[in-house]
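Enquirer: First to last, the protein sequences are chains P and C. Using this note's numbering, read the first sequence as starting at 1 and increasing by one per residue. Using this note's numbering, read the second sequence as starting at 1001 and increasing by one per residue. Just so you know, even glycine gets a beta-carbon here, dropped at the ideal spot from N, CA and C. None of these values were measured; they are calculated from a predicted model.
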Amino acid sequence: MRNRRLAVLVPLLVAAPLVASCTENTEPDEGNPRSIQVVSTEDGCDVSKVEAPAGTLTFDVTNAGKQVTEFYLLAEDGLRIIGEVENIGENLDSRLTVQVPEGKYVTACKPGMKGDGIRSDFAVTASDEKVEVTEDEQALVDTANANYLAYVQDQTDQLLTKTTQFVNLYKAGKDDEARALYADARVHWERIEPVAESFGDLDPKMDLREADVAEGDDFTGWHRIEKDLWPARAEGYKAMTPKQRAFYADDLLKNTKTLDTKVDGDLSFTIDGIANGATGLLEEVAEGKVTGEEEFWSRTDLWDFQANVDGARVAFEGVKPLLETKDAALSKTLTDRFAALQKLLDAQRTDSGFTYYNELTQPEIKALKVAVEALAEPLSKLTGTILSRS
Amino acid sequence: MKQPIVSRRTLFTGGAAVVGVAGGLAAAQALETDTSQTAGPHAYALRGAHQPGITTPAQDRLHFAAFDVVTDDRDALIALLTAWTEAAERMMAGGSAGPVGPTEGDTDLPPDDTGEAIGLPPSKLTLTFGFGPTLFRDAKGKDRFGIADQQPASLEPLPHFPADALDPERSGGDLCVQACADDPQVAVHAIRNLARIGFGTVSVRWSQLGFGRTSSTSTSQETPRNLFGFKDGTANVKAEEAKALDEHIWVSDTDDAKSGWLAGGSYLVARRINMRIETWDRQSLGDQQMFIGRTKESGAPLSGGEEFSDPDFKMPGRGGPIIPVDAHVRVVHPEQNDGVRMLRRGYNFVDGSDALGGLNAGLFFIAYVRDPATQFIPMQTRMAQSDALMEYLKFTGSALFAVPPGAGKGEYVGQALFA
């Protein structure tokens, strides 16, 4: 699965933008001193109030101009972004909700998304509403990014090592040993799959399932070799020749090296990218692993399942200190539900790894699914919560 | 104007089961009404230049059935098409499936109508018939009914598309019947009785119930929402666009030298698209809107305006075009597909829940096109390759049918094929 916002190879965002919601479903509250209407036109930026009491402020931005517009609330220096909404098309609305302490600020509409925008001063006056300022938020973000990068680099290193061993065994016809290593090697892929997916066509080349191959396209990667090693469910399957084996093995190794090189290069993460990586991995579990679709031939879905959960948990734990400052209850729920899911997975551990998917009973599969859903639902709030400023 | 309801009970009063005789003025008026009229008659006519159920304003409910022909007797097939045409004409007018009626016949015999539609109005029932590729040739290429040389070039099984996880028991078929009505019981009654008439000649291969139309086929209709919660099919070809219908929907007599019988007909593409509902529901509103390329509330393109504003695919946004490159509206829009358009007539479906508690639900996609080879296959391929929505879809059924033109007076549907 692709994750739209797992932004890699981009400069670290100092002020992670809020997720803009282009909806018109909540009516602005005219009487509320913290509710401000903004109308952006080609050459104007009409802000309904010049001041508001400190607290959670809501800017309802309407684009009455022809060009795409943006709205910013900037600090007094006119540089530091307190909050912003982007990509507001003609005639559409968007809402910025942001927690603002007493002070002087600048508002800016940016029709056409160019230049400094149309600016006005905006004052936030003292009030009784408590405004929590997390001064060390940036430090938490920096730590999370650095830790996650180290994790990803370590996983691709291990992936490359084990994939090299695996393809050598496979090419040498040592099928039993190759089969024994298959799921263990893939663990390192499955832990960081959203990262691999962000590198365009590497994911389809390496991890496409046969059902997702377009007619006439090549079926390459892990699952091509998987089918050759476990042909039992493949009707009338013709085993690969040594030459064919070498082709698919070398192709997989080449792409793994490319991935490792890219990850060791100029890579950085955004905090929302990491959070989205966690939710994306749980989606992978819910759609492909708990249903036994991913490892159709080898039935080693639970290895992938555990690896996805590992990757999601690492990403979650990386952003957890930041989450604690925003929503401690959500943090606790997620911690508890990761643990509950892990307990079910631990019950399926065997000497060689995990129970094969076809040996799971229907109640066991259902119980896993229930635990996945219980975790995935609150986890879907992770990104929005850590980005929130209110 | 609200038309009086024509009820089956009224029709059968006095044992007169002949359509339009005892049904009174309302039925007669309705039957004369052009099927594309939008004022909302309760009954549509079966006969005409085109089959009903294509440009007819989309009704609320669907029962779609695909059949296998179980005989190699050409005459039996023709007899069935004749019987189906007659039964369809009666049922669309609010009458019974057989000529006698559900309660009017000999008490020693099973009734020739199953009876669950007694007292129900015609409910805008339309019945639309189609012929699948396997009607012409069997798996070994053998001509089944002496019609193989008239098989249209574009009537070939659809290729495998990425994300196809097709269930053979929900795919293909020699014949199809699309039953649409505002009352689900009326649609189900129609399919049930047609299947019954067909025993010995056909057997039901699969069937699909749909609730909640997902497309508008007339400008008089609001664009409805699919189970993702978004307005769907905004750019649909509508009944009022006569020129577009000729260009994109109706097969012309010069399209395929082998298949003049299909002139005035169309092709029906059916795809059972399961939605990964639970996963979709966990996507942020902003992401959902970017996947679709429209706002959830009004359906306006992200480039701005109202629902029917043209999307501006070139409009820049922060970090790429404001309508993302993989947004559904961009990938399937005519502007991005050599101007091809379709007439979509799909329905939401929910077939209960699966073994793991997930909703077995999605869109039963139906589209009418003049040529699937140029209008559907390239678009579906593009969608499979680059549409952000694909993450949330699983294709579980697929079929293609040639839909013959409407039957003329005294004809059966598809008669020109067997001439």
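#1: If we count the other Cβ atoms within 10 Å of its Cβ and call it buried at 16 or more, is D116(P) buried or exposed?
#2: Rounded to the nearest angstrom, what separates G1414(C) and R1271(C) at their Cα positions?
#3: If you count every other CB in all the chains shown that lies within 10 Å of the CB of L79(P), and 16 or more means buried, which is it?
#4: Around the C-beta of A146(P), are 16 or more other C-beta atoms found within 10 angstroms, so that it is buried, or is it exposed?
#5: In whole angstroms, what separates the C-alpha of L1417(C) from that of I1078(C)?
#6: How big is the Cα-Cα spacing for N1236(C) and G311(P)?
#7: Counting contacts by CB-CB distance shorter than 8 Å, is L1356(C) in contact with chain P?
#8: Using beta carbons (cut-off 8 Å, strictly below), is I1292(C) in contact with chain P?
#9: Using the Cβ count rule (16 or more neighbours within 10 Å means buried), how would you classify Q138(P)?
#10: In three-state terms, what does DSSP make of P53(P)?
#11: Just to confirm my understanding: we take S1036(C), look at its own chain, exclude 5 residues before and 5 after, and list those with CB closer than 6 Å. What are they?
#12: Alpha carbons only, please: which of W1261(C), M1390(C) and T1103(C) is nearest the one belonging to A1407(C)?
#13: Taking C-beta to C-beta, are E215(P) and P111(P) nearer than 8 Å?
#14: Go ahead and label S1353(C) buried or exposed: buried means 16 or more other beta carbons lie within 10 angstroms of its beta carbon, across all protein chains shown.
#15: May I have the straight-line CA-CA distance separating R1282(C) from K369(P), to the nearest angstrom?
#16: Strictly below 7 Å CB to CB, what residues from chain P border I1322(C)?
#17: Along chain C, which residues have their Cβ under 7 Å away from the Cβ of L92(P)?
#18: Using 10 angstroms around the beta-carbon of Q1289(C), count the other beta-carbons present and answer buried if the total reaches 16, otherwise exposed.
#19: Report yes if the CB atom of P1324(C) is closer than 8 Å to the CB atom of K1314(C), and no otherwise.
#20: Give me the DSSP bridge partner(s) of Y105(P).
#21: By a C-beta neighbour count over all protein chains shown, 10 Å radius and 16 as the cutoff for buried, is D203(P) buried or exposed?
#22: Taking Cβ to Cβ, would you say D1285(C) is nearer than 8 Å to G1293(C)?
#23: So, T1254(C) versus N1348(C), is the Cβ gap smaller than 8 Å?
#24: Please find out if some non-hydrogen atom of the ligand GDP comes closer than 7 Å to the beta-carbon of L96(P).
#25: Please list, in chain order, the chain C residues whose beta carbon lies closer than 9 Å to that of I365(P).
#26: Let's see if you can read the secondary structure: which residues bound the beta strand (DSSP E) around M1091(C)?
#27: Just checking, does the stretch 1166 to 1184 of chain C make contact with the stretch 1120 to 1138 of chain C on the three C-beta pairs under 8 Å criterion?
#28: If L57(P) and V100(P) are in contact, beta carbons under 8 Å, what's the gap, nearest whole angstrom?
#29: Less than 8 Å between the beta carbons of D160(P) and L267(P), yes or no?
#30: When the Cβ atoms of the stretch 1243 to 1254 of chain C are set against those of the stretch 1131 to 1149 of chain C, are three or more pairs found closer than 8 Å?
#31: Could you name the residues of chain C that E215(P) contacts, counting a contact when the two beta carbons are closer than 7 Å?
#32: How many Å lie between T1396(C) and F1364(C) at the Cα?
#33: Taking just the CA atoms, how far does V1070(C) sit from A1093(C)?
#34: Assign Q244(P) to one of two classes, buried (16 or more other C-beta atoms within 10 Å of its C-beta) or exposed (fewer than that).
#35: Using a Cβ-Cβ cutoff of less than 6 Å, which residues in the same chain neighbour L1080(C) once the five nearest sequence positions on both sides are dropped?
#36: Applying the criterion that 16 or more other CB atoms from any shown protein chain within 10 Å of the CB defines a buried residue, is S352(P) buried or exposed?
Expert: Quick answer:
#1: Under this definition D116(P) is an exposed residue.
#2: 23 Å
#3: exposed
#4: exposed
#5: 10 Å
#6: 43 Å
#7: yes
#8: With 8 Å as the cut-off, I1292(C) does not count as an interface residue toward chain P.
#9: exposed
#10: Here DSSP, grouped into helix, strand and coil, assigns P53(P) to strand.
#11: In this prediction, S1036(C) has a pLDDT of 41, which is less than 50 and means its spatial position is unreliable; what the coordinates show is noted afterwards. Cβ within range, chain order: T1055 and A1239.
#12: W1261(C)
#13: no
#14: exposed
#15: 15 Å
#16: V68, N87 and G89
#17: T1295, A1300 and G1304
#18: buried
#19: no
#20: A75(P) and F122(P)
#21: buried
#22: Sequence check: residue 1285(C) is Leu here, not Asp. No, these two residues do not count as a Cβ contact at 8 Å.
#23: Contact: no.
#24: Looking at this structure, you won't find the ligand GDP or any other ligand, since it has none at all.
#25: A1355 and L1356
#26: Premise fails: M1091(C) lies in the alpha helix (DSSP H), R1074 to M1092, not in any beta strand (DSSP E).
#27: yes
#28: 5 Å
#29: Here the sequence assigns Leu to residue 160(P), which means Asp is not the residue at that position. No, these two residues do not count as a Cβ contact at 8 Å.
#30: no
#31: For a Cβ distance threshold of 7 Å, residue set P1159 and H1160 of chain C lies close to E215(P), ordered along the chain.
#32: Roughly 10 Å separates the two Cα atoms.
#33: 29 Å
#34: It is exposed - the Cβ of Q244(P) has fewer than 16 other Cβ atoms within 10 Å.
#35: G1198 and T1201
#36: exposed
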